[in-house]
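Structure, as structure tokens:
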Amino acid sequence: MRRARRRTRVVRVGNLPIGGGSPIVVQSMTNTDTRDVTATVDQIRALQGAGCELVRVAVPDMTAAQAIREVKREVTLPIVADIHYDARLALAALAAGADKLRLNPGNIRDPGEIRRVAEAAAARGVPIRVGVNAGSLDARFLKGGEVTPEGMAEAALWEVSLLEGVGFRDIVISLKAHDVALTVEANRLVAVEGDWPLHLGVTEPGAGVPGIVRSAVGIGLLLVEGIGDTIRVSLP
């Protein structure tokens with residue numbers, strides 16, 4: 010039997026609400042080079058036509074961050090900037106009009122930089138997804154050298170504490186692994202710790218039917234338990 014949906018705060022990405030009892034948001038991601046504005050815009054429009062409500066783009070460098078401004082002129086879907094390693098890219102993406110940021114606690118670790126991004130995002134009303142990935146988990150959160158659900162949850166809550174420490178509350182959390190059981194248990198642990206909306210997905214599930222099944226099992230198990238406010242299936 011399906012359980013009642015977990016109660017969460019509402020986080021708005023532009024005009025799109027996530028959590029708070031809103032319908033589950035369907036996301037996708039581009040696999041284009043964001044610096045190729047035409048290709049990126051074409052793919053976003055195709056995704057929107059297929060029912061996508063929110064799309065993530067890669068931001069590997071400053072040129073990609075600045076390209077978000079041009080992409081935004083041509084599309085109506087909210088844009089999530091995927092940030093790794095360099096907090097300055099997050100600031101540039103915000104300046105270019107990104108509607109949401111994804112930060113990875115595994116590769117942006119400096120508390121001062123995280124707080125600086127939070128303050129800039131707050132000034133623009135832009136939410137942040139704390140995106141924990143088992144493959145890039147900081148060594149501080151490994152247990153006996155291994156990735157565990159507890160370690161993934163701790164990594165997410167560590168970054169959330171930094172964001173909330175400067176008064177930032179527009180937070181979505183994701184905890185993803187290739188291993189479905191690890192993904193499911195990490196999300197269960199965080200779900201009871203607070204009212205943050207949860208973004209569900211399975212990392213690198215594989216191609217074809219195996220990837221579809223792995224994603225469906227991981228996401229479906231959590232949704233049946235009332236956990237999850239937005240979903241993204243990532244297939245090669």
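Counting from 1 along the sequence shown, just add 9 to a position and that's the residue number in the working numbering. In this text, a Cβ means the ideal position worked out from N, Cα and C, and glycines have one as well.
Among the bridge pairs identified by DSSP, Asn142 is matched with Lys185. At a cut-off of 4 residues, the continuous stretches assigned as alpha helix (DSSP H) that sit fully inside the region 53-99 are 71-83. In this structure, Ile137 and Ala107 do not form a Cβ contact; the two beta carbons are roughly 11 Å apart against a cut-off of 8 Å.
Ser37 sits in a strand when the DSSP states are folded into three classes.
By the 16-neighbour rule on beta-carbons within 10 angstroms, Lys152 is exposed. Here Ile88 has Val64, Val66, Ile77, Val80, Lys81, Ala107, Asp108 as same chain residues with Cβ atoms under 7 Å from its own Cβ, once five neighbours each way along the sequence are excluded.
Between the alpha carbons of Leu244 and Leu166 lies a gap of roughly 28 Å.
With respect to the 7 Å criterion, Leu191 and Gly237 are not classified as neighbours on the basis of their beta carbons. Comparing alpha carbon positions, the residue from Thr85, Gly227, Gly174 closest to Lys185 is Gly227. Taking C-beta atoms under 8 Å as the contact rule, Leu100 and Ala129 qualify, at a distance of about 6 Å.
Note that the C-beta distance between Thr41 and Gly28 is not below 7 Å. Boundaries of the beta strand (DSSP E) harbouring Leu112: 109-112, taken from the DSSP string. Contiguous alpha helix (DSSP H) elements confined to the region 118-168 occur at 120-133, taking only those with 4 or more residues. In the DSSP assignment, Pro219 falls within the alpha helix (DSSP H) that extends over 217-233. Contact between Val156 and Ala143 holds: CB atoms are separated by about 5 Å, below the 8 Å threshold.
In the three-state reduction of the DSSP assignment, Thr239 falls in the strand class. In the DSSP assignment, Leu25 falls within the unbroken beta strand (DSSP E) covering 25-27.
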